[in-house]
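Please read the structure below before turning to the comments.
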DNA sequence: CACTTTTATTGAACTAATTCAAGAAATTAC
DNA sequence: GTAATTTCTTGAATTAGTTCAATAAAAGTG
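Residue numbers (this note's numbering), protein chains in the order written: chain H, 364 to 549; chain S, 364 to 549.
Here it is as structure tokens:
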């Protein structure tokens, strides 16, 4: 999927509008293990992941990493709360594999919103997209770990298979050893 | 808190605008145990709870009730995903105590948005408010049950004390017996 | 390719949490 | 105010999940 195809899912942009969007995008690369976002910083860019996987999470008081989400290619990498409210994020976003990105400055996006109501609509639809995703996540969290695991594997992009099991265990809120045993029982 | 005070937290409305909002509100009452929203229906009203508590959740395949959220007075009762996208909700919203509400028709709200940019702004801010709440919820879900319980009690309105423990246990994803034992250890 | 490092599995001992059953406490109904 | 119902607690037996340690497997490096 190209980024244009991605945008066209939301709004019926014409070629000039797509060109305008593309002109704002800056290509970036980032290697496995590097930080895209570090807690404490304010998100002033919206990233579109064209290749790779990120993990979003935090480090708790006892020093262990808690993974809250995986971000696959063809979706946005951002702490949207921090981006919207321009307050420091509590999250880290770290590359799980080598990644390629398009970055959009927040200011450019805000200007787009003023310029053309179709961009405004895109912004709203992206917000709603995230909103729905969060609502689903809250529901999924109520399921037992085994079911959550099966749902995760069946509904995610195939790249899920390239994520180390111990990160998936963290996402599920169980120990890597237990995930290994759950997978064996089958 | 009155509903006007509530709205003024978000946008600096003048008296005429507040009067306009108030004119759209319809008073409703609902008794303990009754449904405000039933799964399968499309949310076409936004409710503001002026008194009481609701639970939001669903019934799983094994027939047990899963509570995903409590809705206290001075906040909105709605499945916002269903309301936004006009698709059937999977959730039930049920009164935990006798409740009083103000209801706003979705169509009236959409008309307000067109009429005056301040209402539009209110809509955006309410969405963002929910968004932030969901993001916090996802983070809280990653904490162990005991901490989640303590956080729930310390950050909720005092009405939390009037909710039966077995519903709180469901919200926390643990059995009522175990919650009872956790509370005893202290 | 051999070496190092990272990731995954397995088992044993332990802790967290559930289920079931019984009784106590609190609410509701008449 | 007493009976009926709902909610809460406690304990014993069981299951789910953790921790730690050891080993195996896989992936990255020169």
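Yeah, the Cβ is synthetic: ideal placement off N, Cα and C, and Gly gets one too.
- Residue pairing of residue 422 (chain H) in beta bridges, as defined by DSSP: H:428.
- Note that the C-beta distance between residue 494 (chain H) and residue 467 (chain S) is not below 8 Å.
- Here residue 525 (chain S) is actually not in contact with residue 418 (chain S); their C-beta atoms are around 12 Å apart, not less than 8 Å.
- Contact between residue 400 (chain H) and residue 442 (chain H) holds, with the beta-carbon distance rounding to 6 Å and staying under 8 Å.
- At the C-beta level, residue 532 (chain H) and residue 542 (chain H) come within 8 Å of one another.
- For residue 427 (chain S), the closest C-alpha among the options S:545, S:452, S:538 is that of S:538.
- For residue 401 (chain H), the secondary structure class from DSSP, reduced to helix, strand or coil, is coil.
- Closer than 8 Å at the C-beta level to chain H, one finds these residues of the stretch 516–545 of chain S: 536.
- One finds nothing in chain H with a Cβ atom closer than 8 Å to the Cβ of residue 488 (chain S); even the nearest lies about 10 Å away.
- The DSSP-derived three-state label of residue 532 (chain S) is helix.
- Spatial neighbours of residue 449 (chain H) in its own chain (CB-CB distance under 6 Å, excluding positions within 5 residues in sequence) are listed in chain order as 405.
- In this structure, the straight-line span from the alpha carbon of residue 410 (chain S) to that of residue 481 (chain S) is close to 20 Å.
- Taking 8 Å as the cut-off, the beta carbon of residue 458 (chain H) is found closer than this to the beta carbon of residue 394 (chain H).
- The continuous stretches of alpha helix (DSSP H) do not include residue 389 (chain S), which lies in the beta strand (DSSP E) extending over residues 389–393.
- For the pair residue 478 (chain H) and residue 387 (chain H), the Cα-to-Cα distance works out to about 14 Å.
- Using a Cβ distance threshold of 8 Å, residue 412 (chain H) and residue 464 (chain H) count as a contacting pair.
- Chain order gives the chain H residues near residue 500 (chain S) as 501, where near means a beta carbon separation below 7 Å.
- If you look at residue 413 (chain H), you'll find it in the beta strand (DSSP E) that goes 408–414.
- Cβ neighbours of residue 397 (chain S) within its own chain (closer than 8 Å, five residues either side excluded): 457, 458.
- Under DSSP, residue 463 (chain H) forms a beta bridge with H:392, H:414.
- In this model, residue 520 (chain S) and residue 511 (chain S) are separated by some 15 Å (Cα to Cα).
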